[in-house]
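Just below is one structure, and these are the notes that go with it.
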Amino acid sequence: RFCPGPYFALASIYRLRATRFVALIALLSHQPAIIGKQGVASATTTAPRVQHNLDVPQAHQHPPLATTRADNMRATALLLLTYTRTHATTLAAARCATGVALAADSRATEGTVIADSKCDKLHELAENIYAAGCGGAADADDVARLVALELRTEHLRRTMSSTAPTKNRGRVAAARSGIVARLRSAPLGCAFLVGGCSDEGPSLYRVEGDGSAAESNFATMGSGQMAAAAVLEATLRRQPEPSPENVIEAVRCAVEAGIRGDTGSGGHVDVVFIGEEETRRYRFAARP
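In this note's numbering, the protein residues as written are 4 to 291.
Spelled out as structure tokens, the structure:
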């Protein structure tokens with residue numbers, strides 16, 4: 004007998020939308036789910052198989068795609084799950100001997116609708132640390148705001164006895180640990196590329212949505228990450244010690260490649276370079 008309890012728990016854990024939740028029930032329960040204006044219903048009986056027209060020769064008959072209503076609804080549910088799952092972002096980052104460059108597109112989508120074409124996905128955690136976020140915009144903004152507040156509080160505690168003004172500089176490892184703790188404490192739908200320069204030198208981390216983190220010389224994220232990764236591989240692999248201008252141009256070209264290959268990415272290309280002495284921000288128009 005079908006019991007919806009585990010599926011409701013699964014939906015609450017992964018924050019599925021109503022349409023995706025109905026589709027998931029239809030797939031897991033092997034029962035057709037009917038979505039209409041009156042709500043959601045589950046049919047317990049199936050329609051009879053489609054009969055072929057005997058007057059038409061067998062060679063000219065087209066076999067039906069789904070022989071029962073249950074098969075048809077399960078196929079529709081699978082399409083709903085595939086169609087509503089979008090991660091429309093392209094992020095790219097690379098580091099050199101003197102700093103780290105992060106880049107992101109500026110398009111925010113809600114399903115298939117462009118909600119904002121000037122969305123800033125580069126979050127300032129400290130004067131020397133930035134995080135590029137992908138996934139849910141609200142979750143990414145909230146995590147970045149809380150981690151920035153923690154870094155600011157730690158900076159004030161260190162400099163409380165000093166009367167001279169000091170810059171708000173934090174440790175990149177501390178920012179990574181703060182983001183990892185937030186992502187592991189709740190099922191949030193976001194991920195980050197964290198980069199910056201501290202006393203240990205330039206650092207770049209890729210933090211996944213489940214809280215796992217890895218350090219690398221360059222990284223990409225989002226729905227356009229495959230095209231962006233191809234550009235970074237082709238550009239930076241041949242340069243063992245790239246200059247700041249080279250990494251800025253490389254991450255810009257990587258995001259532009261992601262925009263060309265992904266309909267969910269678009270708008271401008273925002274780039275930030277965090278150096279040992281200063282931080283520079285750019286906004287480029289995406290080249291065709």
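Cβ atoms here follow ideal geometry from the backbone N, Cα and C, with glycine treated the same way.
Residues bridged to residue i [DSSP beta-bridge criterion]
i    : result
T112 : I117
L1   : Absent from the structure is residue 1, since the part of the chain shown begins at 4 and ends at 291.
H158 : H158 is not bridged to any residue.
A129 : I132
V274 : A106, Y285
CA-to-CA distance, residue j to residue i, given in whole angstroms
i    : j    : result
V274 : T162 : 30 Å
C99  : A118 : 34 Å
L125 : K170 : 20 Å
R155 : S215 : 24 Å
Y208 : V197 : 5 Å
A176 : R290 : 34 Å
V258 : R160 : 38 Å
G114 : C122 : 16 Å
E153 : G181 : 8 Å
R286 : D74  : 50 Å
A260 : V116 : 21 Å
A233 : T223 : 10 Å
D213 : R187 : 6 Å
D142 : Y133 : 16 Å
G227 : D144 : 21 Å
V272 : S120 : 11 Å
A91  : A106 : 15 Å
R174 : V103 : 14 Å
A151 : R172 : 11 Å
A95  : A111 : 16 Å
Y86  : H158 : For Y86, the predicted structure reports a pLDDT of 44, less than 50, and the residue's modelled location is therefore unreliable. A value from the coordinates is still provided. Taking the straight line from one Cα to the other gives about 45 Å.
G270 : A288 : 8 Å
Limits of the unbroken beta strand (DSSP E) element including residue i
i    : result
C137 : 132 to 138
R283 : 282 to 288
G264 : Careful: G264 lies outside any beta strand (DSSP E), inside the alpha helix (DSSP H) at 247 to 264.
E279 : No beta strand (DSSP E) contains E279, which DSSP labels as neither H nor E.
C122 : Taken as a continuous stretch (DSSP letters only), C122 belongs to no beta strand (DSSP E), as it is neither H nor E.
M224 : 221 to 225
E218 : 216 to 218
L207 : 204 to 210
G198 : 193 to 201
Closest residue to residue i among the options (Cα-Cα distance)
i    : options                : result
E279 : H126, A147, T101       : T101
R284 : V150, R255, E211, A91  : R255
S268 : R172, A96, V146, A230  : A230
R263 : V183, D108, E130       : D108
L191 : A111, G138, A104       : G138
L149 : A184, E236, A97, P245  : A184
T352 : A129, A260, A178       : Residue 352 lies beyond the stretch modelled for the chain, which goes from 4 to 291, so this question has no answer here.
G136 : A288, T93, V103, A232  : T93
A140 : P245, E244, T266, A194 : A194
A147 : R179, G227, A106       : R179
A97  : E236, D265, A288, H158 : E236
F276 : A151, N131, A111       : N131
T266 : G225, A288, E244       : G225
Opening and closing residue of the alpha helix (DSSP H) in which residue i lies
i    : result
R185 : 175 to 188
T238 : 228 to 239
Check your understanding: Does the segment 198 to 205 come close enough to the segment 234 to 242 that 3 or more CB-CB pairs lie under 8 Å?
Key -> no
Check your understanding: If we count Cβ pairs, one from each stretch, closer than 8 Å, do we get three or more for the segment 206 to 219 versus the segment 250 to 268?
Key -> no
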